[in-house]
Each structure stands twice: as structure tokens, then as C-alpha cells.
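Asker:
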Amino acid sequence: MKFRFALLVAALALALSISAFSYSEEPAQDAAAPAQEETTSEDSAPFVLLRVYEGQFADVKGGDWFAPSVVSAYEYGVLNGRGEDSFAPSGNVTIAELLTIAARLRAIYTTGSDAVIPTAKENEAWYAPYVSYLKSQNLLDNSFEGFYLLPASRAQMAGIFAFAVPEEWYTEPNASLVTSAYASRDYIADVTDKTPYRSEILLMYRRGLLSGMDAKGSFYPDRSVSRAEIAALLTRVVKPETRLTLTWTVAPYHSVKNATLASLVKAPASTSLPTSAKDTAAIDGLVRNMLARGEHTITLNYSKALTTATASALTQAFTSCVKTYCEQMYNAVSCRSYSTGKIVLTFSSTACTAKTLESYRAKALAAAIKVHDSLWESGTLSYDMSQYEIARTYFQWLCDHCRYDNAAADDSASHLTYGALVSGLAVCDGYTGAYNLLLKLEGIECTSLFNNSHIWTLATLDGTQYHIDVTWGDQYGRTNLRYFGMSEEQSYQCHPWGTADKKK
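All the letters of the sequence shown, read from the start, carry residue numbers 2 to 505 under the working numbering.
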């Protein structure tokens with residue numbers, strides 16, 4: 002690859018003597034960089050050595066992991082000390098400082114010098130010209146306004162540096178491995194769809210700029226970034242030969258053979274007594290806590306006995322709530338009320354006895370695990386697939402392996418996940434329970450929405466919520482993908498729901 006850049010001249014060296022890691026406009030006391038002879042060679046690199054490190058930082062020892070990076074970043078002129086003899090490797094870095102470095106990197110790469118960035122005017126923040134330059138290059142919006150002097154997080158570091166230098170400067174030697182490792186959730190597991198700058202973080206892993214903070218590539222996106230970490234990153238940016246080649250080992254697929262129905266429910270940090278049947282948050286917390294413990298009863302203690310109407314309303318509210326976890330196969334709740342204010346709610350199924358239900362639950366889970374593992378082992382599912390594609394695969398599988406039970410009575414097992422996955426016969430709650438169970442084994446967030454006559458899935462796929470109706474997708478002997486990945490508006494046109502219907 003050829004680049005049309007001039008080597009940096011003495012003016013650049015003087016400009017770089019202003020510390021990118023200073024909270025004021027005062028210049029750092031670094032030695033001036035040696036003057037460079039200008040060249041127009043098309044083969045010249047955009048980053049060149051500007052000065053020689055002479056061991057002046059007393060807090061950088063030869064055996065420190067960051068020492069080589071500090072030396073390189075200093076000699077390339079992209080990073081200075083904090084004072085004449087201190088580097089402060091563990092010191093935090095502000096957002097303004099990151100933006101300053103990013104602006105200099107961009108200017109040097111594209112013009113051969115950061116002279117295009119003017120010095121700050123009188124009464125202007127020292128970092129203002131760098132912010133303005135990044136905005137002129139369409140690399141920065143106003144999202145950091147008012148926060149420039151706050152310590153930067155590691156996620157913000159990735160967001161700022163990912164595109165500071167044009168993409169042609171990089172290769173992506175780790176692209177395939179990062180894609181499969183991240184999809185396996187065995188690596189970089191602390192970066193989720195909700196993590197700020199998720200795409201930029203993963204891009205930096207693919208480029209070999211990051212390897213994570215431990216053997217599993219954990220990123221710690223919310224942790225503040227240190228000057229030592231910045232030195233390491235900058236060295237990999239300016240010196241391609243120092244970039245990292247990841248050596249993670251990713252299993253062909255991740256078996257879920259050890260999953261339990263309880264493990265598929267995230268318990269709340271705490272629970273509270275519902276103030277009424279309308280206290281849906283408290284009710285949901287109690288139901289999740291029960292399911293996550295593998296239990297089927299909830300005991301509530303009020304200060305006085307509840308009226309029959311209040312107890313009945315609470316029972317109905319808990320019934321509606323547990324139906325949103327229909328993969329667990331509880332669809333009925335009974336209530337025993339005491340004069341002391343104590344009530345005991347027992348969760349069961351209309352299709353079978355409590356003993357039979359436990360057997361059905363175990364068999365349905367075993368069947369779902371078998372489906373999951375076989376689809377991965379066969380290559381039908383793979384790590385390079387999006388959540389949307391994985392969910393569609395399960396939609397198709399369920400339509401192919403289950404049929405609608407037109408003869409189902411109210412007490413039929415077709416209303417349960419067991420019916421769909423074991424017997425191959427189901428109605429809407431059986432279809433939806435089976436589908437939600439398969440999605441949850443994949444770690445895909447989902448729940449259920451229902452009206453008076455129907456129930457279907459709400460799933461968050463790649464950060465977007467979709468309505469999915471497997472039951473209606475499996476009609477007339479063929480799969481109808483119209484009912485996969487519906488928007489809320491499309492779903493409402495098919496099966497409207499009212500304000501009284503449970504939605505999560």
C-alpha cells in the first residue's frame with residue numbers, strides 16, 4: 002500500500018511538545034524533537050520517529066509491561082510525560098486528552114503534520130482546536146459537550162480511536178476469530194448489545210489493537226482508561242508490526258447440556274411486597290425469583306388479612322405474569338389466604354398434575370437442548386450468524402417439526418412446551434413456550450405477549466425488538482415467514498392487544 006505523505010518537519014516536533022495529557026494549556030517540559038528532513042516519497046510511512054527516549058521518566062522501569070509502549074509512543078511524538086521526569090502510567094486520561102491525541106493522529110496521517118490544527122486562542126480551552134478539527138473531519142459530534150474534562154472510559158477510548166486514522170491504515174488479521182469468539186459468548190462477554198461503542202470495540206480487536214484484560218478477552222468497558230493503556234494502544238496504531246495476533250480457541254459449538262429451566266431466568270437483586278394487583282414490577286420480581294430458584298410457590302405476608310376480591314386480583318395478576326414465562330409451563334395459580342395476612346400462591350398447569358408437570362418440564366428441556374446442540378453440531382447454526390438469523394432458523398425448525406393440534410382441549414399437553422418439543426403437537430402457548438425456550442438457550446432475550454385468545458413471542462434480536470408468531474407461521478402445512486420478525490404495528494394488525502393485556 003502506498004501513501005502520499007511528507008515526513009514530519011521541525012514545526013511538528015515543536016507542536017508536539019505541548020502535552021496531550023495536561024489539564025491546562027501549559028506546555029510539558031519534554032525535550033524538543035530533532036528536526037526532520039522533508040520528503041515526498043510515495044513509500045514513506047505516515048508516522049516517523051521524532052525524538053529519543055533517554056530514560057527520563059522515573060516511574061517507568063525497564064521491567065514494567067508498559068515500558069516499551071511508553072518509549073515508542075514518546076519517540077513517535079504522540080505522547081508526552083507529565084512533567085520532566087514523570088509519566089504517571091496509572092493516571093487517568095480525560096475525554097479531552099483522548100480527543101487531542103485522536104486529532105493529532107488524523108492530522109499527521111492525512112497531511113504529514115499536525116500544523117493544520119491551530120493553537121488555542123486566548124480564553125479558549127486548550128483542547129478546543131482539536132475538537133474543532135475532529136468535527137471538521139466528520140469524526141466527532143456534540144455528544145461529549147460538557148464532559149471533556151471527565152475521565153474517559155475504555156469504551157469511550159474505543160469510540161474515539163477506532164476511526165481516528167483512516168481504515169486503509171489497518172488490516173484485520175483477527176476478523177474471523179473475533180467474530181466466532183464473540184458469538185460464542187466465551188470471549189469479550191462483557192461487551193453486549195447495550196455496551197456503548199460496541200462495534201468500535203470489536204473493530205479494534207479485529208485490527209489487533211486490543212486483546213482484552215484477561216484470557217477471555219474481557220474488555221471492562223466502564224473502567225477508566227490509564228495512560229499506560231493509551232501508550233500501548235498508540236504504539237499498535239503507529240507501528241503495525243506491534244499489533245496483536247489473537248490465539249483464542251473457540252469450540253465448534255457451545256453445548257447447553259448443563260442448562261436448567263431455573264438458569265434461564267435472571268433473579269432480581271431484591272424483591273418487594275406488591276402494594277396491589279397493579280404493582281406489576283413487584284409481581285414480576287417475585288415470579289422471577291421463584292423461577293430462578295426452581296420453586297413453584299410464593300408466600301406473601303401482609304399486615305392484615307386480604308379481602309377475597311384483593312386476593313383474587315393478586316392471583317390473576319400472578320397468573321398473567323407467569324404466562325409471560327410460558328417456556329416454564331406454569332399457566333395456573335391457586336391462592337390460599339390466612340387471617341394473619343399471609344397468602345400462599347401455588348403455580349401449576351391446567352394440563353396435568355404437579356408430579357407429571359415436573360416430568361414434562363424435564364423432558365421438554367432435554368428435547369430443547371438436543372435441538373440446540375444438533376443444530377450447532379451440524380453447522381445449521383454458526384457463530385457468524387446474527388441473532389436474527391438464529392431466531393429465524395429456530396422458527397423454521399419448529400414449523401417443520403410441530404403441527405397444530407386442532408383437537409386440543411383445555412387440559413391438553415398441547416398447551417405446554419412439552420407438547421411442541423416432545424409430542425410434536427401444540428397450540429399457541431405450546432408453540433410459543435417451545436420457541437422461547439430455544440431462544441433463551443441461545444441467550445436471546447424474549448418474553449410473551451397475549452390477548453384473550455392468543456399468545457406469541459417478543460424477542461430482542463441484535464438490539465431490535467420483534468414480534469414473532471410461530472403458531473401462525475406454521476399453518477396450512479407450510480412455513481409463513483410473514484409472522485417472523487414483525488414490527489409492533491404489523492403484529493397489532495394481526496392480533497391486537499389491549500391495555501389490560503400483559504406486555505413486558
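Positions of the beta carbon are idealized from the N, C-alpha and C atoms, including for glycine.
Give the list of continuous alpha helix (DSSP H) stretches no shorter than 4 residues that lie fully inside the segment 364 to 438.
Answerer: 388 to 402
Asker: From the DSSP output, read off the bridge partner residues of ASP475.
Answerer: THR480
Asker: Give the DSSP-derived three-state secondary structure of ALA68 in the structure shown.
Answerer: helix
Asker: Do you know how far the Cα of ALA156 is from the Cα of ILE202?
Answerer: Going from the Cα of ILE202 to the Cα of ALA156 covers about 7 Å.
Asker: For GLN466, count neighbouring C-beta atoms within 10 Å of its own C-beta (all shown protein chains included) and say buried if the count is 16 or more, exposed if not.
Answerer: exposed
Asker: Return the CA-CA distance between ALA288 and ILE109, expressed in angstroms with no decimal places.
Answerer: The residue you asked about is not Ala; residue 288 is Val in the sequence shown. Distance between the alpha carbons of VAL288 and ILE109 is about 58 Å.
Asker: Taking C-alpha atoms, which residue in SER335, ALA278, GLY464 and VAL238 lies nearest to ALA314?
Answerer: ALA278
Asker: For a test of the three-state rule: what should DSSP assign to LYS136, helix, strand or coil?
Answerer: helix
Asker: On the premise that LEU438 lies in contact with ALA333, defined as a C-beta separation below 8 Å, what is that separation, rounded to the nearest angstrom?
Answerer: Contact between ALA333 and LEU438 is ruled out by a C-beta separation of about 19 Å, above the 8 Å threshold.
Asker: For a test of your reading of the model: does the CB of ALA282 fall under 7 Å from any non-hydrogen atom of the ligand FAD? Yes or no.
Answerer: The ligand FAD is absent from the structure shown, which contains no ligand whatsoever.
Asker: Pull up the DSSP beta-bridge partners for ALA460, would you.
Answerer: The partner list for ALA460 (beta bridge, DSSP) reads CYS447 and TYR467.
Asker: What are the start and end residues of each continuous alpha helix (DSSP H) run of 4 or more residues lying completely inside the segment 238 to 296, in chain order?
Answerer: 281 to 293
Asker: Tell me whether MET158 sits in a helix, a strand or coil according to DSSP, three-state version.
Answerer: helix
Asker: By the three-class DSSP mapping on this structure, what secondary structure does THR300 have?
Answerer: strand
Asker: How about MET487 and TYR419: are their beta carbons less than 8 Å apart?
Answerer: no
Asker: Do the segment 269 to 284 and the segment 229 to 239 touch if we need at least three Cβ pairs shorter than 8 Å?
Answerer: The segment 269 to 284 vs the segment 229 to 239: no contact.
Asker: Quick one: give me the first and last residue of the beta strand (DSSP E) that THR111 is part of.
Answerer: Here THR111 belongs to no beta strand (DSSP E); instead the alpha helix (DSSP H) covers 96 to 112.
Asker: Can you give the Cα-Cα distance for GLU85 and TYR54, rounded to whole angstroms?
Answerer: 12 Å
Asker: Got a sec, what are the start and stop residues for the alpha helix (DSSP H) VAL179 sits in?
Answerer: Annotation: the continuous alpha helix (DSSP H) that includes VAL179 extends over 176 to 185.
Asker: Among the candidates LYS441, ILE370 and ALA427, whose CA atom is the shortest distance from the CA of SER256?
Answerer: Restricting attention to LYS441, ILE370 and ALA427, the CA atom closest to the CA of SER256 is found in ILE370.
Asker: Could you tell me which whole alpha helix (DSSP H) segments of length 4 or greater appear in the segment 185 to 237?
Answerer: 199 to 207
Asker: Please state the DSSP three-state secondary structure of ARG362.
Answerer: helix
Asker: What whole-angstrom Cβ distance do THR316 and LEU346 have, given they're in contact under 8 Å?
Answerer: About 7 Å separates the two Cβ atoms, so the contact holds.
Asker: Quick check on LEU307: does DSSP put it in helix, strand or coil?
Answerer: coil
Asker: Output the distance between the C-alpha atoms of ALA184 and LEU204, rounded to the nearest integer angstrom.
Answerer: 14 Å
Asker: When the Cα of LEU80 is compared with those of SER91, GLY295, VAL226 and ARG105, which residue comes out closest?
Answerer: ARG105
Asker: For GLY464 and TYR198, I'd like the C-alpha separation in whole angstroms.
Answerer: Going from the Cα of GLY464 to the Cα of TYR198 covers about 13 Å.
Asker: Quick one: Cα of ARG393 to Cα of LEU459, how far?
Answerer: Distance between the alpha carbons of ARG393 and LEU459 is about 13 Å.
Asker: DSSP on ALA165, reduced to helix/strand/coil?
Answerer: coil
Asker: With 16 other CB atoms within 10 Å as the buried threshold, where does GLN494 fall?
Answerer: By the 10 Å Cβ count, GLN494 comes out exposed.
Asker: How would you call PHE145, buried or exposed, if buried means at least 16 neighbouring beta carbons within 10 angstroms?
Answerer: buried
Asker: Rounded to whole angstroms, what's the CA-CA distance from TYR484 to GLN397? Just pull it up for me.
Answerer: 11 Å
Asker: Tell me the rounded alpha-carbon separation between ALA121 and THR250.
Answerer: 49 Å
Asker: Could you give the distance in angstroms between the alpha-carbon of ALA282 and the alpha-carbon of ILE299?
Answerer: Those two C-alpha atoms are separated by around 15 Å.
Asker: Assuming ASP187 and TYR221 are in contact, meaning their beta carbons sit under 8 Å apart, how far apart are those beta carbons, in whole angstroms?
Answerer: Not quite, the Cβ-Cβ distance comes to about 17 Å (not below 8 Å), so this is no contact.
Asker: Select from LEU151, VAL471 and GLY425 the residue whose C-alpha is nearest the C-alpha of LEU100.
Answerer: LEU151
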